[in-house]
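Report on one structure; see the data block that follows.
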Amino acid sequence: MADQTKNPAYVDQVVLAPDVPQQPPAAAVVKEPPQAETDEESVNQKPVEKALMEGHLSKHRCDDQENVLQSGSFKEESTRVVDLLDNEKKALQQLKQLVQEALNKHEFGGQQPEVPKEDDEKESSNEEAKDEAVIDDEPPKPETVAETNDAPVKEDSINLVETEVIEDKVATAAAGSDTVEDDGAKTVEAIEESIVSVPSSSAQPAAEAEAYVESEDERKGGKVEDKVVPPEEISIRGVPLLADERSDVILLKFLRARDFKVKEAFVMLKNTILWRKEFGIDELVEQDLGDDLSKVVFMHGFDKEGHPVCYNVFGEFRNKELYQKKISDEEKRQNFLRWRIQFLEKSIRKLDFRPGGICTIVQVNDLKNSPGPAKWVLRQATKQALHLLQDNYPEFVARQVFINVPWWYLAVNKMINPFLTQRTKSKFVFAGPSKSADTLFRYITAEQVPVKYGGLSKGSEFATTEIVTEITVKPAAKHTVEFPVTEACLVRWEVRVIGWGVNYGADFVPSGENSYAVIIQKARKVAASTEEPVVCDNFKVGEAGKVVLTIHNPSSKKKKLLYRFKSHPTTSH
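For the sequence shown, position 224 (counting from the first letter as 1) is numbered 224 according to UniProt numbering, and the numbering increases by one without interruption.
Written as structure tokens, this is what we have:
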């Protein structure tokens, strides 16, 4: 993450992932509008942004919506230690050593080890010994002398101290001799008793200390009790640090986020742990924050490599009621942030952090009907979430796919693209509205893609494990699909043409010479704006034959055909 460049402020609103760039180049910086401004004012008062939009409108509006601008070529590195380079293995060991030392010293925010009771008792006993060495009615100067017993004292200093004490006592006695002469002898005795005996060599205090410790041990039964404070126990993403091989996978993420710079990775890890405690992540995961935002962010299916797929649907904030309810003020934005972090944390804890396991996710960002740069409040909420995700969830995204991308976002991306690192760019894929489905199919199979995005994944009798066949229907051509049937059964199928605008029909053709073909579905035109994106049909077959689907594409563009079928044996009467 250290190698990433931030997008302009008004672009941040389209991403909720730690791998998205944040730092704009100096030439592309756009000042943030004051919070007091309305959404309309924030747009009107951005001359740089307005010029950028107008300058690229005619050039990119059409072309960029029809083309995939960037293909994700990022290939995940291995999470197995045996596959690491020598310098990477060394960095991992160094980081583990730093983590262990920090755990021993409780540097990750845990409670500091308490002072053993034996030490307290020794200190109190020393204080009592000091008090006994000085007469109760004397001034506190001898106490200063007693305090010097904690460190070696030179003989010159000892003589000087004794002289000062005697002179003080003599002065006191002299002051009192004018009124009470009979106390002269008593005063001399007091002076003699007040002189603190200081050892003449540095070895004597050590011997006395040892004798004192031994006496304490004897008083306790002759046993020396060594209190060892156990190392701090820390878990991150549900994985205990340094407990097993899963910890190596977690630490590698921080190392890769900092280009294997050990000290920087350790600082990032420590800050993450402290933030998790301050934010109360473990408690947050158990809280019920409702499901009002389940259409804004949701997990659905897996990509072709087995990564869980997370969908971010920004167009949902076009709903004014949702917008006002969730992010219209600071308190609501904080609640939205907590919900977003909770959702991500729950999703990540389902990943496999064993070496070689799937420990990253794929993000699909749907920008259709996105509020755009005018919604300053939404942009601020998203930017805040982005900062937290970037700083505390490194290397948890395998690929970022942006679909239904509007012209203004593509124009901005072309401006900042030269300033992004190759590692960052290799994770990004952008597609305009007409290419969004085809782009998703490059990384996710049709049976795993939600129906709203061109796939066949929905609540039906077909499971996501039942394979979908994809075929390209040429312009001005007909294509037939045959389902062979060898016995009496019930045949079910699902068919879809991306963008439709074609004619669809279905027939049953029996194998017997004396049998007649049956029209299951008379040929009809399925409009592009149909409310029935997927045709689900079935036919009960009483003899051997085949079900034939006919797709006629009268347009001048290629069409993507998706279908799957299955049969259930039945008893014929």
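We put the beta carbon where it would ideally sit given N, CA and C, even for glycine. As the structure is a prediction and not an experimental result, all values here were calculated from the model.
Cα-Cα separation between residue i and residue j, rounded to whole angstroms
{"i": "F565", "j": "W493", "result": "4 angstroms"}
{"i": "H552", "j": "A528", "result": "14 angstroms"}
{"i": "G109", "j": "Q384", "result": "24 angstroms"}
{"i": "K546", "j": "E461", "result": "21 angstroms"}
{"i": "G454", "j": "A437", "result": "5 angstroms"}
{"i": "Q448", "j": "K368", "result": "20 angstroms"}
{"i": "S434", "j": "N404", "result": "8 angstroms"}
{"i": "E286", "j": "I250", "result": "22 angstroms"}
{"i": "W407", "j": "S235", "result": "44 angstroms"}
{"i": "K560", "j": "T439", "result": "12 angstroms"}
{"i": "R423", "j": "L322", "result": "36 angstroms"}
{"i": "V82", "j": "A91", "result": "14 angstroms"}
{"i": "A211", "j": "V228", "result": "Because the pLDDT at A211 is just 45, under 50, the model does not fix this residue reliably, and the value given afterwards should be weighed accordingly. Straight-line Cα distance between these residues: approximately 23 angstroms."}
{"i": "L410", "j": "R379", "result": "17 angstroms"}
{"i": "R246", "j": "N335", "result": "31 angstroms"}
{"i": "H106", "j": "A381", "result": "34 angstroms"}
{"i": "P230", "j": "R399", "result": "41 angstroms"}
{"i": "V362", "j": "Y443", "result": "9 angstroms"}
{"i": "V262", "j": "L95", "result": "6 angstroms"}
{"i": "N87", "j": "E233", "result": "28 angstroms"}
{"i": "Y563", "j": "K332", "result": "44 angstroms"}
{"i": "L98", "j": "F254", "result": "13 angstroms"}
{"i": "E487", "j": "F539", "result": "13 angstroms"}
{"i": "D303", "j": "D507", "result": "34 angstroms"}
{"i": "G222", "j": "L337", "result": "Residue confidence for G222 is low, a pLDDT of 47 falling below 50, so the modelled location carries little weight and cannot support an answer."}
{"i": "E330", "j": "F260", "result": "37 angstroms"}
{"i": "residue 574", "j": "K458", "result": "Nothing can be reported for residue 574, as the shown portion of the chain is limited to 1 through 573."}
Sequence-distant residues of its chain with Cβ nearer than 6 angstroms to residue i (five each side left out)
{"i": "W275", "result": "N392"}
{"i": "A517", "result": "D507 and V509"}
Counterpart residues of residue i in DSSP-defined beta bridges
{"i": "P484", "result": "K546"}
{"i": "K525", "result": "N503"}
{"i": "K425", "result": "The partner list for K425 (beta bridge, DSSP) is empty, contrary to what the question assumes."}
{"i": "I471", "result": "L561"}
{"i": "P355", "result": "P355 is not bridged to any residue."}
{"i": "R399", "result": "V362"}
{"i": "L490", "result": "K540 and H568"}
{"i": "H106", "result": "Answer is none; H106 lacks a bridge partner."}
{"i": "V509", "result": "K546"}
{"i": "I551", "result": "H479 and Y504"}
{"i": "P450", "result": "S457"}
{"i": "I519", "result": "D507"}
Assigned secondary structure, residue i (DSSP; H/G/I helix, E/B strand, else coil)
{"i": "D366", "result": "strand"}
{"i": "A477", "result": "strand"}
{"i": "H568", "result": "strand"}
{"i": "V249", "result": "helix"}
{"i": "N514", "result": "coil"}
{"i": "V228", "result": "coil"}
{"i": "T348", "result": "Reading off the sequence, residue 348 comes out as Ile, not Thr. If DSSP states are grouped into helix, strand and coil, I348 belongs with the helices."}
{"i": "residue 575", "result": "It is not possible to answer for residue 575, since the shown part of the chain is limited to 1 through 573."}
{"i": "S436", "result": "helix"}
{"i": "L98", "result": "helix"}
{"i": "A91", "result": "helix"}
{"i": "V82", "result": "helix"}
{"i": "V239", "result": "strand"}
{"i": "S556", "result": "coil"}
{"i": "P116", "result": "Since pLDDT at P116 reaches only 45, below the 50 mark, its modelled position is unreliable, and no value is offered."}
{"i": "R496", "result": "strand"}
{"i": "V535", "result": "strand"}
{"i": "T382", "result": "helix"}
{"i": "Y393", "result": "coil"}
Cut-off 8 angstroms between Cβ atoms - residues of its own chain near residue i, not counting five sequence neighbours on either side
{"i": "K558", "result": "T472, V473, K474 and P475"}
{"i": "A523", "result": "N503, Y504, G505, T550 and H552"}
{"i": "Q342", "result": "L284, V285, Q287 and L289"}
{"i": "K478", "result": "T550, I551, H552 and N553"}
Residues near residue i by beta carbon distance below 7 angstroms, same chain, minus five either side
{"i": "V238", "result": "The displayed chain sequence assigns Gly, not Val, to residue 238. The residues are R349."}
{"i": "H568", "result": "C489 and L490"}
{"i": "V313", "result": "K295, V296 and D366"}
{"i": "V377", "result": "I327 and S328"}
{"i": "L252", "result": "T79 and L92"}
{"i": "W500", "result": "V526, A527, A528 and T530"}
{"i": "Q65", "result": "Summary for Q65: the model assigns pLDDT 44, below 50, so the residue's position carries little reliability; its value from the coordinates is reported in the next sentence. Here the set comprises W407, G432, P433 and S434."}
{"i": "R318", "result": "N369 and P371"}
Suppose only complete runs of 4+ residues qualify. What are the alpha helix (DSSP H) ranges in the region 263-343, listed by chain order?
If we require 4 residues or more, the alpha helix (DSSP H) runs fully inside the region 263-343 come out as 281-286 and 320-327.
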